[in-house]
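S.K.: In this note's numbering, the protein residues as written are 240 to 567. Glycine is no exception: its CB is placed at the ideal position from the N, C-alpha and C atoms.
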């Protein structure tokens, strides 16, 4: 199909088992694409204005080089590459640019989710409940109502399996703002991520509710917040390696806050410089391991004494706070 298609309810309602392709078109409708069949749909260089629904668990949609103005739901297999997804929500309830229960692959996209609704609950770029692979994407999320703060502003909420590589997160104006919010018994793997979180009441590069999270070769700048956290752990198991968290121009700052769980900092920096209370690492419960023992018992042992680097400067500055329920 190469055309301009408009529909009050549906621009395209797809219930065929045959393969179909849409190229260089414009689709306008409350439901720009509603797909219920178990076929493969390819959409290339098309402007999509409206809701995309990949409803069937056996359905496949491949989107390349498109402009999408609206939100996306996936229950099957969805691949989006080299696209711009812009979603502006005007709703009180949870709002997602992309919500996926199936298999989601995102590559080299710009994904933006904002809300200007006065009492919005939250705004998220992606809510993953299935299997998600994200490579080279730029995630932007913002609450945009008179510089107020929404409940949550999230880049990715992961309740499934997530692999993130070379992604960028730019998030602001949340009551709780998080690059990746992980609440899963499965694994979360983050490599070469770059994050900037700012102008929020509480900002977290990683918020880990449970599960196993690995963070490698990443960096985060967290500034102009009330409470700023590189890592926030309710529980779970986190390993971070060659990763830097810089927390500045905020009231209170934590390189890591651990309610409980296991944290291994193999290498990297937690650099906190704030006006109020500063913690490099605060542990209320759990187990912390700093550094890596290499070649123990041999003459060739080379163990760094300056990496990991933990720094906390504030009105009160504490490098590592350990309670009687923690193990270092």
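Under the rule that 16 or more other beta-carbon atoms within 10 Å means buried, what is residue 515, buried or exposed?
M.R.: Here residue 515 refers to the residue found at position 276 of the chain shown. The residue is exposed, with fewer than 16 neighbouring Cβ atoms inside 10 Å.
S.K.: Could you tell me which of 482, 476 and 276 sits nearest to residue 500, measuring between CA atoms?
M.R.: Taking the chain shown and counting its residues from 1, the one referred to as residue 500 is at position 261. Ranking the options by Cα distance to residue 500, first place goes to 476.
S.K.: Taking Cβ to Cβ, would you say residue 339 is nearer than 8 Å to residue 313?
M.R.: Stepping through the chain shown from its first residue, residue 339 is reached at position 100. Stepping through the chain shown from its first residue, residue 313 is reached at position 74. Yes. Within cutoff.
S.K.: In the DSSP assignment, what are the bridge partners of residue 396?
M.R.: Here residue 396 is taken as the residue at index 157 of the chain shown, counted from 1. According to DSSP, residue 396 bridges with 366 and 420.
S.K.: Rounded to whole angstroms, what's the CA-CA distance from residue 523 to residue 412? Just pull it up for me.
M.R.: As a first step, residue 523 must be located in the chain shown, where it is residue number 284. As a first step, residue 412 must be located in the chain shown, where it is residue number 173. Their backbone Cα atoms lie some 28 Å apart in a straight line.
S.K.: By Cβ distance, which residues of its chain are closer than 7 Å to residue 252, with the 5 residues on each side in sequence left out?
M.R.: Translated into positions along the chain shown, residue 252 becomes position 13. 273, listed in sequence order.
S.K.: Rounded C-beta distance between residue 248 and residue 270? I'm assuming under 8 Å.
M.R.: Taking the first residue of the chain shown as 1, we reach residue 248 at position 9. Taking the first residue of the chain shown as 1, we reach residue 270 at position 31. The pair is a contact, with the Cβ atoms about 6 Å apart (cut-off 8 Å).
S.K.: Using the three-state DSSP reduction, which class does residue 252 fall into: helix, strand or coil?
M.R.: Locating residue 252 in the chain shown gives position 13, where the first residue counts as 1. Strand at residue 252.
S.K.: Output the residue ranges of the beta strand (DSSP E) runs that lie fully inside the stretch 281 to 328 and measure 3 residues or longer, sorted by chain position.
M.R.: For the stretch 281 to 328, whole beta strand (DSSP E) runs of length 3 or above, ordered along the chain, are 286 to 293, 299 to 303, 306 to 308, 311 to 313, 316 to 320 and 323 to 328.
S.K.: Going along the chain, which residues of its own chain have a beta-carbon closer than 6 Å to the beta-carbon of residue 337, five neighbours each way excluded?
M.R.: Taking the chain shown and counting its residues from 1, one reaches residue 337 at position 98. Around residue 337: 311 and 365.
S.K.: Kindly indicate which three-state DSSP category residue 479 falls into: helix, strand or coil?
M.R.: Stepping through the chain shown from its first residue, residue 479 is reached at position 240. Strand, per DSSP.
S.K.: What's the C-alpha gap between residue 560 and residue 495?
M.R.: Taking the first residue of the chain shown as 1, we reach residue 560 at position 321. Taking the first residue of the chain shown as 1, we reach residue 495 at position 256. Using only the alpha carbons, I get a separation of about 10 Å.
S.K.: To the nearest angstrom, report how far apart residue 303 and residue 284 are at their CA atoms.
M.R.: Within the chain shown, the letter at position 64 stands for residue 303. Within the chain shown, the letter at position 45 stands for residue 284. Spanning the two alpha carbons is a distance of roughly 6 Å.
S.K.: Nearest CA to the CA of residue 259: which residue from 420, 348, 281 and 354?
M.R.: Taking the chain shown and counting its residues from 1, the one referred to as residue 259 is at position 20. Comparing Cα positions, the closest option is 281.
S.K.: Would the beta-carbon of residue 350 fall within 8 Å of that of residue 371?
M.R.: On the chain shown, position 111 is the one that residue 350 refers to. On the chain shown, position 132 is the one that residue 371 refers to. No, the pair does not count as a contact, with Cβ atoms beyond the cut-off.
S.K.: Going by the DSSP bridge assignment, what does residue 551 pair with across the sheet?
M.R.: Working through the chain shown from its first residue, we reach residue 551 at position 312. In the DSSP output, where bridge partners are listed per residue, residue 551 has 511.
S.K.: Just to confirm the assignment, what range does the beta strand (DSSP E) spanning residue 446 have?
M.R.: Mapped onto the chain shown, residue 446 falls at position 207. Run containing residue 446: 441 to 455, per the beta strand (DSSP E) assignment.
S.K.: Taking 8 Å as the threshold (C-beta atoms), are residue 398 and residue 367 in contact?
M.R.: Locating residue 367 in the chain shown gives position 128, counting from the first residue. Locating residue 398 in the chain shown gives position 159, counting from the first residue. Yes, they are a contact pair.
S.K.: Go through its chain and collect everything with a Cβ distance to residue 437's Cβ below 6 Å, but skip five positions before and after it.
M.R.: As a working mapping, residue 437 is identified with position 198 in the chain shown. Around residue 437: 411, 462 and 463.
S.K.: Could you say which of 556, 478 and 348 lies nearest to residue 528 if we only look at CA atoms?
M.R.: On the chain shown, position 289 is the one that residue 528 refers to. The residue with the shortest Cα to Cα distance from residue 528 is 478.
S.K.: Using 8 Å as the threshold, is the C-beta distance between residue 447 and residue 421 below it?
M.R.: The sequence position of residue 447 within the chain shown is 208, counting from 1. The sequence position of residue 421 within the chain shown is 182, counting from 1. Cβ distance < 8 Å, so residue 447 and residue 421 count as in contact.
S.K.: Just to check my reading of the structure: residue 242 and residue 264 have Cβ atoms closer than 8 Å, yes? What is that Cβ distance to the nearest angstrom?
M.R.: For the purposes of this step, residue 242 is identified with residue 3 of the chain shown, where counting begins at 1. For the purposes of this step, residue 264 is identified with residue 25 of the chain shown, where counting begins at 1. Their Cβ separation, rounded to whole angstroms, is 5 Å, which keeps residue 242 and residue 264 in contact under 8 Å.
S.K.: Measure the C-alpha to C-alpha separation of residue 408 and residue 255 and round it to an integer number of angstroms.
M.R.: Here residue 408 refers to the residue found at position 169 of the chain shown. Here residue 255 refers to the residue found at position 16 of the chain shown. Taking the straight line joining both Cα atoms gives about 38 Å.
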